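Take a look at the structure below.
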Amino acid sequence: MIADSLRQAIKSGKYAPGELMPDQNKLATTFDTTRITIHKAIQLLIIEGMVYSKRGAGTFVRKDFGLANQQQETQVDRPLGTTRTNQGKKVTSKVLELQARLPTAEEAEQLMIDAMDPVYVIRRTRYVEGKVWAYEHTIMPTSIVTLTKQVLLGSIYGYLEKERGMSLAGSHRIISAAKATADDVEAMGATLNDPVLVINQVSYIDDGTPFELSESHFPFESSTVVADVQVH
5 MIADSLRQAI KSGKYAPGEL MPDQNKLATT FDTTRITIHK AIQLLIIEGM
55 VYSKRGAGTF VRKDFGLANQ QQETQVDRPL GTTRTNQGKK VTSKVLELQA
105 RLPTAEEAEQ LMIDAMDPVY VIRRTRYVEG KVWAYEHTIM PTSIVTLTKQ
155 VLLGSIYGYL EKERGMSLAG SHRIISAAKA TADDVEAMGA TLNDPVLVIN
205 QVSYIDDGTP FELSESHFPF ESSTVVADVQ VH
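This is the structure in structure tokens:
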């Protein structure tokens, strides 16, 4: 919540690019919390590329934030899906497949389910402001939730949280590059064998139970991996 508040303050111009933000003690007083909590919130903004810290000087809004914010980025630090990665933008979906079957041995192992526990197979193209964002191939145990095409047209994560009361904790991700396949041509209009950004992930609810196994492909023309590395 604190990170969201600071994020909105930066986006609204309250803190301008290059500006020094209030120190962590002042922010702790403002939000009535501890300095450790403020530090964690600021770390999230550093990971997102919105701010940077200089030892002995404080935390500054990145001077290139406005420019970077105009680009379409695949922010690998955000575990909560396309809709939340693109808050404030119009996100739509095209459902390519929704069916149920038994899991493969690898899927059962990664999702920690029995070989006889059925799973959903979900394939969607996601659009942001009418432009292709990603092609998603998702495997999810049917025991987690009952899914319909109507649910898939929106945010699955949002549905799980709001309608089912699930608390999503995060995901383990592997990022790689690959050549576009026939599925990418169908789903994104990609050119066969062109490069695509691939994110494989296993997502978890707050008790550590895996609920989703997915592979997302992003067109190379509009995808950027954002990562800020700090050396302490």
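Our numbering numbers the first residue of the sequence shown as 5 and each following residue consecutively. From the three backbone atoms N, C-alpha and C, an ideal C-beta is built for every residue, glycine too. The structure displayed is predicted, hence computed values, not measured ones.
>> Count Cβ pairs between the stretch 176-186 and the stretch 97-106 that sit closer than 8 Å; are there 3 or more?
In response: no
>> I want to see whether chain D comes within less than 8 Å of D8, judged by CB atoms only; does it?
In response: As a matter of chain content, chain D is missing from the structure shown, which is built from one protein chain.
> K98 to K58, Cα distance in whole Å?
Replying inline: In the sequence shown, counting from the first residue as 1, residue 98 sits at position 94. In the sequence shown, counting from the first residue as 1, residue 58 sits at position 54. Using only the alpha carbons, I get a separation of about 44 Å.
> Run through DSSP, which three-state label would Q103 get?
Replying inline: Reading the sequence shown from its first residue, position 99 is the one you call residue 103. The DSSP-derived three-state label of Q103 is strand.
>> Here's a check: name, in chain order, each residue in its chain whose Cβ is nearer than 6 Å to the Cβ of K15, leaving out the five neighbours to either side.
In response: In the sequence shown, the residue the question calls residue 15 occupies position 11. If we look at K15 and ignore the five residues flanking it on each side, it has no Cβ neighbours.
>> On a Cα-Cα basis, can you pick out the residue from P21, A182 and P145 that is closest to L164?
In response: Working through the sequence shown from its first residue, we reach residue 164 at position 160. Of the listed residues, the one whose Cα sits closest to L164 is P145.
>> In this structure, how does DSSP classify G85 when only helix, strand and coil are distinguished?
In response: The count along the sequence shown starts at 1 and reaches residue 85 at position 81. DSSP places G85 in helix when its eight states are reduced to three.
> Does the stretch 136-152 come close enough to the stretch 116-127 to have 3 or more Cβ pairs within less than 8 Å?
Replying inline: yes
> Is the distance from the Cβ of F224 to the Cβ of L196 below 8 Å?
Replying inline: On the sequence shown, position 220 is the one that residue 224 refers to. On the sequence shown, position 192 is the one that residue 196 refers to. No, the pair does not count as a contact, with Cβ atoms beyond the cut-off.
>> For E216, tell me which candidate among R168, A112, P26 and M192 has the shortest Cα-Cα distance.
In response: In the sequence shown, counting from the first residue as 1, residue 216 sits at position 212. It is A112.
>> In chain order, what are the residue ranges of uninterrupted alpha helix (DSSP H) at least 4 long that sit wholly in the stretch 17-47?
In response: 28-34
> Which residue comes first and which comes last in the beta strand (DSSP E) that contains K58?
Replying inline: Position 54 of the sequence shown, counted from the first residue, corresponds to residue 58. First-last of the beta strand (DSSP E) with K58: V55 to K58.
> Rounded to whole angstroms, how far is the Cβ of L49 from the Cβ of L24, which I believe are closer than 8 Å?
Replying inline: As a position in the sequence shown, residue 49 is number 45, starting the count at 1. As a position in the sequence shown, residue 24 is number 20, starting the count at 1. Between L49 and L24 the beta-carbon gap is near 14 Å, outside 8 Å, which marks them as no contact.
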